[in-house]
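Asks:
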Amino acid sequence: MNSSQYYMKRLYDFLRRLDQNNNREWFKANKAEYEELRQLWLLDIDRLIANMTKWWPQLAGLTAKQCVYRIYRDTRFSQDKTPLKTYFSAGFSAAGRSAHDAGLYLQVGPGRFGENIESGLFGGVWCPDSPTLKKLRKAIVDNIEEFEEIIHAPEMEKFYPGWCGAALKTVPKGYDRNHPQAELLRLKDYGKFHPTPEKFYSDPSWVERTSELFSYLKPLIDFLDYSIKEETY
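Residue numbering for the sequence shown follows this note's numbering, starting at 104 and increasing by one per position.
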């Protein structure tokens, strides 16, 4: 496929227009275009799952529809009442787009004000409840050498430096404020992020490149997932 004919340019254009007309009336009038773009997106996500299955066999059998998110926003608890997301997204774990497991997340969108603030590859655990967060902190402290080997791997430091997400101002209760892992213990989310500009998606080969970049996060996902599901006695 010629990259100049690839649908992603049209997708970004659609999302920019949606950002300027974020209401149900405009969306209804442009629903046919959205549905066409969504079907092309689903085909690419199916390709991505097939590629990722090579290094994450537990994804076998998943379909794009089990991984992609709806474009409709949940506005019940948000001050932003715009009804639609201005990006396409998908989540990957053995359970598909699970919000409770450690997993990977892909978000594609134009951002605002010329900044690429919406497109990127994410991996980790977001907004874990208090018991889960305590388990993760304990697992990190108890297995710090293994954990540091994972987060300081060359590919991780090159493509996913630092952490994304929220953090406490002080070390959580139960740990000394001068704890050697204080920075890790203050984290409320254990997430990594790699930004992807629009040009990243200009060629169909972004699917294979995304799979490769996601594969660098697999050891972290495995550590977090095992720590969450490990039985405590």
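Backbone N, C-alpha and C fix where the C-beta goes; we use that ideal spot for every residue, glycine too.
Hey, quick one: how far does the beta strand (DSSP E) through V310 stretch, first residue to last?
Replies: No beta strand (DSSP E) contains V310, which is instead part of the alpha helix (DSSP H) from W309 to S318.
Asks: Quick one, which of F303, R179 and P322 has its alpha-carbon nearest K112's?
Replies: F303
Asks: Roughly how many angstroms separate the alpha carbons of Y271 and A202, rounded to a whole number?
Replies: Note on residue identity: the sequence assigns Leu, not Tyr, to residue 271. Their Cα atoms are separated by approximately 22 Å.
Asks: Can the beta-carbon of G226 be found closer than 7 Å to that of L146?
Replies: Not in contact: G226 and L146 (Cβ atoms no closer than 7 Å).
Asks: Can you give me the start and stop residues for the beta strand (DSSP E) that Y208 sits inside?
Replies: G206 to V211
Asks: Can you name the start and end residues of the alpha helix (DSSP H) that V244 belongs to?
Replies: S233 to D245
Asks: Is it right to say H297 is buried, meaning 16 or more other beta carbons lie within 10 angstroms of its own, or is it exposed?
Replies: Residue burial is scored here from C-beta neighbours: H297 has at least 16 other C-beta atoms within 10 angstroms and is therefore classed as buried.
Asks: What's the C-alpha gap between A343 and K157?
Replies: Here the chain covers residues 104 to 336 and nothing more, so residue 343 does not appear.
Asks: Alpha carbons only, please: which of V171, K188, Y172 and Q169 is nearest the one belonging to T178?
Replies: K188
Asks: Helix, strand or coil for C170 per DSSP?
Replies: helix
Asks: Looking at the secondary structure, which residues open and close the beta strand (DSSP E) in which K295 lies?
Replies: Annotation: the continuous beta strand (DSSP E) that includes K295 extends over Y293 to P298.
Asks: Near A132, which residues of its chain fall below 8 Å by C-beta distance, leaving aside the five closest residues on each side in sequence?
Replies: Within the same chain, and ignoring the five residues on either side of A132 in sequence, no residue has its Cβ closer than 8 Å to its Cβ.
Asks: Looking only at C-alpha atoms, which of N126, G194, I247 and G214 sits nearest to Y175?
Replies: N126
Asks: For F225, write down the residues that DSSP places opposite it in a beta bridge.
Replies: Y208 and F296
Asks: Of the residues F130, K276 and Y137, which one's Cα is nearest the Cα of Y110?
Replies: Y137
Asks: Which term fits L316, buried or exposed, when burial requires 16 or more other beta carbons within 10 angstroms of its beta carbon?
Replies: buried
Asks: Any heavy atom of the ligand FMN inside 6 Å of the beta-carbon of E251?
Replies: Summarising the ligand content, the structure contains no ligands, and the ligand FMN is consequently not present.
Asks: Compute the Euclidean distance between the alpha carbons of P234 and R289, then round it to the nearest angstrom.
Replies: 15 Å
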